[in-house]
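In order, the protein sequences belong to chains A and B.
Per the numbering used here, the first sequence starts with residue 6, numbered consecutively.
Per the numbering used here, the second sequence starts with residue 6, numbered consecutively.
Take a look at the structure set out below.
2 protein chains.
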Amino acid sequence: MTEPNTGRQRLYIQEVAPRDGFQNEKQFIETQDKIAFINQLSGSGFAKIEATSFTSPKAIPALRDAEIVMHEIQRSPDVVYTVLVPNVRGAQRALECKVDEINLVMSVSETHNRANLRMTREQSFEQLSDVVSAVRGSRVAVNVSLSTVFGCPMEGDINAFEVFELVGRFAALGVDGVTLCDTTGMAYPTQVEKIGREVRRLFPGLTTTMHFHNTRGMALANTLAAIEAGIDRFDASLGGLGGCPYAPGASGNVCTEDLVHMLELMGYDTGVDLPGILGVSATLPGLVGHDIPSQILKAGPRLTLHPAPDFGG
Amino acid sequence: MTEPNTGRQRLYIQEVAPRDGFQNEKQFIETQDKIAFINQLSGSGFAKIEATSFTSPKAIPALRDAEIVMHEIQRSPDVVYTVLVPNVRGAQRALECKVDEINLVMSVSETHNRANLRMTREQSFEQLSDVVSAVRGSRVAVNVSLSTVFGCPMEGDINAFEVFELVGRFAALGVDGVTLCDTTGMAYPTQVEKIGREVRRLFPGLTTTMHFHNTRGMALANTLAAIEAGIDRFDASLGGLGGCPYAPGASGNVCTEDLVHMLELMGYDTGVDLPGILGVSATLPGLVGHDIPSQILKAGPRLTLHPAPDFGG
């Protein structure tokens, strides 16, 4: 991947709407619509796109077309195409589709892991260890997304040492990257900076991503704190797709265009084509059948000007 | 005003919903409801409450009950009660009501000033100078709120030197404080930090407040940047009341409970009783007749816990 040298600090934006967003939609998104959507994102400057999930079609019918999607999208050589994989069977399906990366997920919180994955953390870790073994030898990268890093909606605060220990166990397995997920919007800036800095210090060899939710309005503030801690990779979801199951009406995933808009104004080079993704985001309400929590789609970028009223001379 | 020494950095939150919020509501808020609302806020730890506006009842019928409100609220000695005043007539009315502070407003942008106030900036400055003269000799403080400091929705970028020059002209008149207003949510963190730092450096004798809008999702991020610049006073509106006239559906004023929630988590002492104001905010949809953009009201504070599902043994 060649990058123009702009003299600005590079940040990497990873688009998760095709998986994390569409998975949460009640209305099935037609396969060809998914493919067209991902193709548009592929030309928009994202470092990574989470394209789909190789879970059981019964468990997640919204993404039952994972193979077709992965085979039919037009891939850009500049984009890492990652997919969610829950187990060895999913990994095999993903490998057959020649994905660039598989993304594993489990929770730091025992209660949330059992609620979300119907397994204890130890069972999850064993299952994901098997996936890492199965993928070893392929050229496919492995990332682990850890849920509830900044708090659990059922347990409350999470001991940061449990986060570091779990990251360490995956690092020992040889995974390439870790994503620290603020699953229900409990992260706050000083906490993000502390945990981000410590994960970078303890595991300098891991590619670290932050995955923020805007449930309590803090996603952009948390992003600033993460950048202070040296983090340069961020998950985001176009239109803010992907809600919060615990708070009807509250925001979920941080909105890609809101994130990119702020970072570019601050002088960071996100690589993302903001006008381009705003055009794609504008198609989302039609695709998903409801309003989306994008602020920039509603208000326009900062320098969207409005006509002055007639002052009457 | 006595303050407990908590060892935490003190920040001052100034509630503007009774003026900036209610003024923008189509439905008239009953006078007794306004009074009860302000009384609840008075016991909630705000440093300042913008209670009403002494404008012409014809121009702003929503606040035509300014005198009654100011006379009937139960004032707390810990709160500065400020009111918006457009001219000498308004100042006289405000002084008769024994307000603690009058708040003047004009725009840094010529086009916005003409659109909003139907005057040139020079005409506004003259008119406000007369107000400052009229108030001189009383014990009432004077604050000036400058609109469009961080950008104008009609002109675009604003030259920061025009901001500093206008602040300087008011400082020369002897005003006590200045509020830098991000009228339509165009401020971004690096800009906020630069302008905030410079205003503090140039005018150390002025009490400086930041007034952010969340129109483009950046209000909390901008707050962090302002704190970096040494700013410790923030306007906010309960429930996020007070919309953006240029972007239907977009957020307006930063939401008080979202701001306080973040700052308290970060270890700042805002003085504000978060559970208390959440109770008041919960009454707002009934009062104004529509949903409000508060995130914390929807999602609950960070440690609002949810029951774990039954794992079935």
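The beta carbon of each residue, even a glycine, is placed where N, CA and C say it ideally should be.
Minimum Cβ-Cβ distance from residue i to chain A less than 8 Å
i	result
Q300/B	yes
M191/B	yes
G222/B	yes
M267/B	yes
R307/B	yes
G142/B	no
M111/B	no
M124/B	no
S256/B	yes
H311/B	yes
T153/B	no
Given residue i as reference, the closest of the options once Cα atoms are compared
i	options	result
F319/B	L178/B, I65/B, G245/B, Q132/B	With chain B covering 6 to 318 only, the question about residue 319/B has no answer from this structure.
G248/A	A22/A, I18/A, G12/A	A22/A
T189/B	I107/B, L133/B, H117/B	H117/B
L243/A	V88/A, I282/A, Q128/A	I282/A
G179/A	I232/A, S134/A, Q28/A	S134/A
A234/B	R144/B, V136/B, S58/B, I200/B	I200/B
A231/A	P209/A, G210/A, A192/A	A192/A
L310/B	I163/A, P66/A, M75/A	I163/A
G305/A	V265/A, M215/A, I43/A, A71/A	V265/A
K307/A	I34/B, C157/B, T125/B	The question names Lys, yet the displayed sequence has Arg at residue 307/A. Answer by Cα proximity: C157/B.
N219/A	S299/A, S138/A, D38/A, H295/A	S299/A
V285/B	I18/B, E35/B, T36/B, N44/B	N44/B
V93/B	D315/B, S138/B, A287/B, I18/B	S138/B
V145/A	I107/A, R126/A, E160/A, A71/A	I107/A
G12/B	L279/B, K303/B, T275/B, P280/B	T275/B
R205/B	P194/B, I236/B, T195/B, D187/B	I236/B
Beta-carbon spacing of residue i, residue j below 8 Å
i	j	result
A226/A	L100/B	no
V277/B	G95/B	no
S169/B	E203/B	Position check: residue 169/B holds Phe in this sequence, whereas Ser was assumed. Cβ atoms of F169/B and E203/B: closer than 8 Å.
E262/A	I301/A	yes
Y273/B	L16/B	yes
A56/B	R24/B	yes
A224/B	E20/B	no
Y86/A	I40/A	no
L109/A	V88/A	no
L185/B	M215/B	yes
L151/A	M111/A	yes
F42/A	L292/A	yes
G182/A	T212/A	yes
F27/B	I34/B	yes
P314/A	A64/B	no
G294/A	Q37/A	no
Alpha-carbon to alpha-carbon, residue j and residue i
i	j	result
S114/A	G257/A	19 Å
V197/A	L270/B	12 Å
F166/A	N148/A	20 Å
C102/A	P82/A	16 Å
V90/A	G210/A	23 Å
E131/B	A177/B	13 Å
Q14/B	R238/B	12 Å
T60/A	R123/A	14 Å
G318/A	A287/A	With a pLDDT of 48 at G318/A, under the threshold of 50, the modelled position of this residue cannot be trusted, and the question is left open.
H76/A	L289/A	23 Å
G48/A	Q79/A	10 Å
P312/B	E160/A	9 Å
S129/B	F175/B	12 Å
R221/A	G142/B	45 Å
G173/B	T125/B	18 Å
D187/B	V140/A	51 Å
N29/A	C260/A	15 Å
E72/B	P194/A	42 Å
Within-8 Å CB hit, residue i to chain B
i	result
S286/A	no
T60/A	no
A4/A	Residue numbering for chain A in the displayed model covers 6 to 318; residue 4/A lies beyond these limits and cannot be assessed.
L229/A	yes
L225/A	yes
G161/A	yes
E20/A	no
L270/A	yes
A304/A	yes
Counting only runs of 4+ residues fully inside the region 166-208 of chain B, write out the alpha helix (DSSP H) ranges in chain order.
-> 194-207
Which parts of the region 211-266 of chain A are runs of the beta strand (DSSP E), unbroken and 3 residues or longer, counting only runs that do not cross its ends?
-> 212-216, 238-241
Going along the chain, which unbroken runs of the beta strand (DSSP E) with 3 or more residues stay wholly within the region 63-94 of chain B?
-> 85-89
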